[in-house]
């Protein structure tokens, strides 16, 4: 995937580091970010907050908000991206939240957020396809969003 | 993959939960553990400790040991599996550490550890193949090891 190779290359050149906070993708974004050899210069770590308890524990998301939203909202995704950046002391924090399905009214609804020193952006999208497709496509879209955020900040 | 489906099924039936701590696999094991719909009943979360700083921060591995071992040893993998179980308050904790390569003398050397209430086991292996093969094969082997640990404890 060209944009992944491009992203890692530009991050290395600019000495920028990344951390993640993932829910429905459950590690797939972090796996992608480390596909290239030498990615330890860029990727520092991530937290997989698959449960509401984990979202509360690591990112202090209040339980009433978690219960109301099932842990999925623009606000929560931004908090996770900002939090990942802070916890791992990286230049960039990225988060993925959503409903991977296959059951439920909101299947395919995902939020991707990317934070850097200039602030945080969040994209809300609906991804069509199987559970696996939703998780993988969202992870690839997060790569693009990180790339755009990095390039726009240079 | 039959053993993955078997594992999730048996964990659901027995009401057992899992958490992870991953280094070289960087989320791939956690991605596998959530491939099945409804896996949120089983998988609670994970920490991707790709950097030495993250291994120290989340699992209190001392820096002298991290520097001496490059963050990869039987002792560290056990600490990570036990720690994941404790941090996420799950029945089972699983960890993966290793050298995915493609460069370096120890490429393919990996440690997988699985902890439950009876203790912790650790397997040291050398996996042949590309960087991606090492990461994926190790994750699938971790699934098997969790399965064996669960079945042997029933």
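Chains as they are written, first to last, in our numbering: chain Z, 1 to 154; chain G, 1 to 154. For every residue, glycine included, the Cβ atom is placed at its ideal position computed from N, Cα and C.
Exposed unless 16 or more other CB atoms sit within 10 angstroms - verdict on residue i
i                      : result
residue 51 of chain G  : buried
residue 130 of chain G : exposed
residue 31 of chain G  : buried
residue 135 of chain Z : buried
residue 177 of chain Z : Given a span of 1 to 154 for chain Z in the structure shown, any question on residue 177 of chain Z remains unanswerable.
6 Å CB neighbourhood of residue i in its chain, flanking five on each side removed
i                      : result
residue 80 of chain G  : 21, 59, 95
residue 43 of chain Z  : 18, 33, 34
residue 106 of chain Z : 99
residue 40 of chain G  : none
Distance between residue j and residue i (C-alpha atoms, nearest Å)
i                      : j                      : result
residue 142 of chain G : residue 114 of chain Z : 31 Å
residue 112 of chain Z : residue 145 of chain Z : 8 Å
residue 71 of chain G  : residue 78 of chain Z  : 31 Å
residue 89 of chain Z  : residue 73 of chain G  : 25 Å
residue 29 of chain Z  : residue 139 of chain Z : 5 Å
residue 147 of chain G : residue 10 of chain G  : 9 Å
residue 121 of chain Z : residue 83 of chain G  : 33 Å
residue 65 of chain Z  : residue 38 of chain G  : 22 Å
residue 110 of chain G : residue 97 of chain G  : 6 Å
residue 61 of chain Z  : residue 76 of chain Z  : 7 Å
residue 151 of chain G : residue 125 of chain G : 22 Å
residue 25 of chain G  : residue 45 of chain G  : 15 Å
residue 149 of chain G : residue 27 of chain G  : 21 Å
residue 123 of chain Z : residue 104 of chain G : 39 Å
residue 13 of chain G  : residue 67 of chain G  : 42 Å
residue 63 of chain Z  : residue 57 of chain G  : 25 Å
residue 15 of chain G  : residue 15 of chain Z  : 45 Å
residue 69 of chain Z  : residue 23 of chain Z  : 14 Å
residue 87 of chain G  : residue 87 of chain Z  : 16 Å
Proximity test, Cβ basis, 8 Å: residue i and chain G
i                      : result
residue 88 of chain Z  : yes
residue 77 of chain Z  : no
residue 81 of chain Z  : no
residue 67 of chain Z  : no
residue 133 of chain Z : no
residue 40 of chain Z  : yes
residue 138 of chain Z : no
residue 31 of chain Z  : yes
residue 101 of chain Z : yes
Cβ-based neighbour list, residue i, same chain, cut-off 8 Å, excluding 5 preceding and 5 following
i                      : result
residue 36 of chain Z  : 4, 5, 8
residue 133 of chain Z : 127
residue 54 of chain G  : 47, 48
residue 137 of chain G : 127, 129
Minimum Cβ-Cβ distance from residue i to chain C less than 8 Å
i                     : result
residue 62 of chain G : No chain C appears in the structure shown, which is made up of the protein chains Z and G.
Min CB distance residue i to chain Z below 8 Å
i                      : result
residue 43 of chain G  : yes
residue 49 of chain G  : yes
residue 91 of chain G  : no
residue 156 of chain G : Since the first residue shown for chain G is 1 and the last is 154, residue 156 of chain G is missing from the structure and cannot be characterised.
residue 9 of chain G   : no
residue 27 of chain G  : yes
residue 108 of chain G : no
residue 111 of chain G : no
residue 95 of chain G  : no
residue 21 of chain G  : no
residue 46 of chain G  : yes
residue 54 of chain G  : yes
residue 34 of chain G  : yes
Cutoff 7 Å; reference residue i; Cβ partners in own chain excluding five residues on either side
i                      : result
residue 155 of chain Z : Outside the shown range of chain Z, which is 1 to 154, sits residue 155 of chain Z, and nothing can be said about it.
residue 153 of chain G : 116, 118
residue 101 of chain G : 107, 108, 131, 134
Bridge partner(s) assigned by DSSP for residue i
i                      : result
residue 127 of chain G : Answer is none; residue 127 of chain G lacks a bridge partner.
residue 98 of chain Z  : Z:110
residue 43 of chain Z  : Z:18
residue 120 of chain Z : Z:115
residue 104 of chain Z : The partner list for residue 104 of chain Z (beta bridge, DSSP) is empty, contrary to what the question assumes.
residue 93 of chain Z  : Z:19, Z:115
residue 48 of chain Z  : Z:22, G:46
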